[in-house]
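**Student:** First the structure, then my questions, so here it is.
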Amino acid sequence: MRLFRHATRQSTARTRRLYARYELAHTLVDFLAAILFLVGSVLFFWSALETAAIWCFVFGSVFFCVKPSLRLAREVHMYRIGRIQDLAEAERNSLD
Numbered sequence: 001m002r003l004f005r006h007a008t009r010q011s012t013a014r015t016r017r018l019y020a021r022y023e024l025a026h027t028l029v030d031f032l033a034a035i036l037f038l039v040g041s042v043l044f045f046w047s048a049l050e051t052a053a054i055w056c057f058v059f060g061s062v063f064f065c066v067k068p069s070l071r072l073a074r075e076v077h078m079y080r081i082g083r084i085q086d087l088a089e090a091e092r093n094s095l096d
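Here it is, written out as structure tokens:
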């Protein structure tokens with residue numbers, strides 16, 4: 001089982017659920033980053049709110065950094081599930 005293979009994501013009901021959960025988290029983080037950048041942009045219209053705008057951009061940037069981290073975490077998680085399944089199957093075969 002290799003990383004970033006579509007077949008891995010669809011191999012079992014467990015991997016399909018896991019993939020869906022990570023996709024939901026990825027979409028939520030993407031949405032939050034976009035909202036923070038939009039709010040930060042609007043806040044820059046008023047000089048008194050520039051500090052708040054800067055913080056919106058900082059937090060939005062953090063969320064943009066989280067996105068690829070979520071993807072990598074998902075792939076590693078599914079890889080480990082696959083490795084556990086492969087090991088369990090090898091153990092079953094050795095007992096036969």
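Anchor point for the sequence shown: position 56 equals 56 in the working numbering, and the numbering is continuous, going up by one each time. Note that the Cβ used here is the ideal one computed from N, Cα and C, for glycine as well.
1) With F31 as the anchor, note down where its alpha helix (DSSP H) starts and where it stops.
2) Could you check what DSSP says for W46 in three-state terms: helix, strand or coil?
3) Is F57 closer than 7 Å to G40 when the C-beta atoms are compared?
4) Does the contact criterion of 3 or more C-beta pairs under 8 Å hold for the region 56-70 versus the region 31-45?
**Tutor:** Quick answer:
1) A13 to L43
2) coil
3) yes
4) yes
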